[in-house]
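J.: Mind looking over this structure? Questions follow.
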Amino acid sequence: AQSVAQPEDQVNVAEGNPLTVKCTYSVSGNPYLFWYVQYPNRGLQFLLKYITGDNLVKGSYGFEAEFNKSQTSFHLKKPSALVSDSALYFCAVSAIGFQKLVFGTGTRLLVSP
Amino acid sequence: DTGVSQDPRHKITKRGQNVTFRCDPISEHNRLYWYRQTLGQGPEFLTYFQNEAQLEKSRLLSDRFSAERPKGSFSTLEIQRTEQGDSAMYLCASSPYASAEAFFGQGTRLTVV
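Residue numbers (this note's numbering), protein chains in the order written: chain A, 3 to 115; chain B, -4 to 108.
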């Protein structure tokens, strides 16, 4: 069975500083990894995905994530945080066949001015 | 097409009543998913359709829950004899093919009183 862990309930960062939101996963076989963001009163929005290929994946709004197979991690990063990045971030994993996404519990990112 | 549409956005119902939610996916997306999200948790998979075929159902989907996708277009999720534990946000998502990212609707928030 696949699972995702997001060890931090909340991450605080000052605007302009780099940010990292952590995610580790467990899955049989090759993982397919996703990051979504959820703003208040809005649906989940796709940020980026790793299917195969380059370990560094670039996505929307300047976000990127690095797939690390040995550490079973897929941390979300951004070089310079914006106040508008404040939201709830979810990591998700899918196994071969893409029957479903299994989500983590989410990490709230708070970017202060 | 502006995205995945869900109706209603909010539903308050008395315990024991039946409710039905509708999801209109993005046109020509052949995969449609239902998830449930409770406060402080990530979305949990309920079921998914490939065209009109329901291919997987979670254990979370008790016999009080039923989902349909007639003709492979819109989908409905019905909950019979609602219980207070059914109170949650019900999310619908669609994707064009297996490895593609899923696009989520804004959800239907169900409150059972």
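Note that beta-carbon positions come from the ideal geometry of N, C-alpha and C, so glycine has one too.
#1: How should Gly45(A) be labelled, buried or exposed, when 16 other C-beta atoms within 10 angstroms of its C-beta is the threshold for buried?
#2: Can you grab the Cα-Cα spacing for the pair Thr42(B) / Lys52(B), in whole Å?
#3: Please report whether the beta-carbon of Phe36(A) lies at a distance below 8 Å from any beta-carbon of chain B.
#4: Let me know the secondary structure DSSP gives Gln12(A) once reduced to three states.
#5: Can you tell me where the beta strand (DSSP E) holding Val23(A) begins and where it ends?
#6: Between Val107(B), Arg76(B), Gly67(B) and Met84(B), which lies nearest to Arg4(B) when the distance is taken from Cα to Cα?
#7: For Pro20(A), count neighbouring C-beta atoms within 10 Å of its own C-beta (all shown protein chains included) and say buried if the count is 16 or more, exposed if not.
#8: Secondary structure at Ser58(B), three-state DSSP: helix, strand or coil?
#9: Check the DSSP bridge columns for Gln1(A) and list the partner residues they point to.
#10: Considering just the uninterrupted stretch of the beta strand (DSSP E) at His77(A), what are its terminal residues?
#11: Which residues, taken in chain order from the segment 36 to 67 of chain A, show a beta carbon closer than 7 Å to some beta carbon of chain B?
#12: Taking only three categories from DSSP, how would you classify Tyr92(B)?
#13: Answer yes if the segment 12 to 20 of chain B comes into contact with the segment 53 to 72 of chain A, meaning at least three C-beta pairs across the two stretches below 8 Å, and no otherwise.
#14: In chain A, which residues lie with their C-beta within 9 Å of the C-beta of Phe40(B)?
T.: According to the structure data:
#1: buried
#2: 4 Å
#3: yes
#4: strand
#5: Leu21 to Val23
#6: Met84(B)
#7: exposed
#8: First, the residue type needs correcting, since residue 58(B) is Asp and not Ser in the sequence shown. In this structure, Asp58(B) counts as coil in the three-state DSSP scheme.
#9: This structure cannot settle anything about residue 1(A), because the visible part of chain A is limited to 3 through 115.
#10: Ser75 to Lys80
#11: Phe36, Arg44, Gly45, Leu46, Phe48, Lys51 and Ile53
#12: coil
#13: no
#14: Gln101, Lys102, Leu103, Val104 and Phe105
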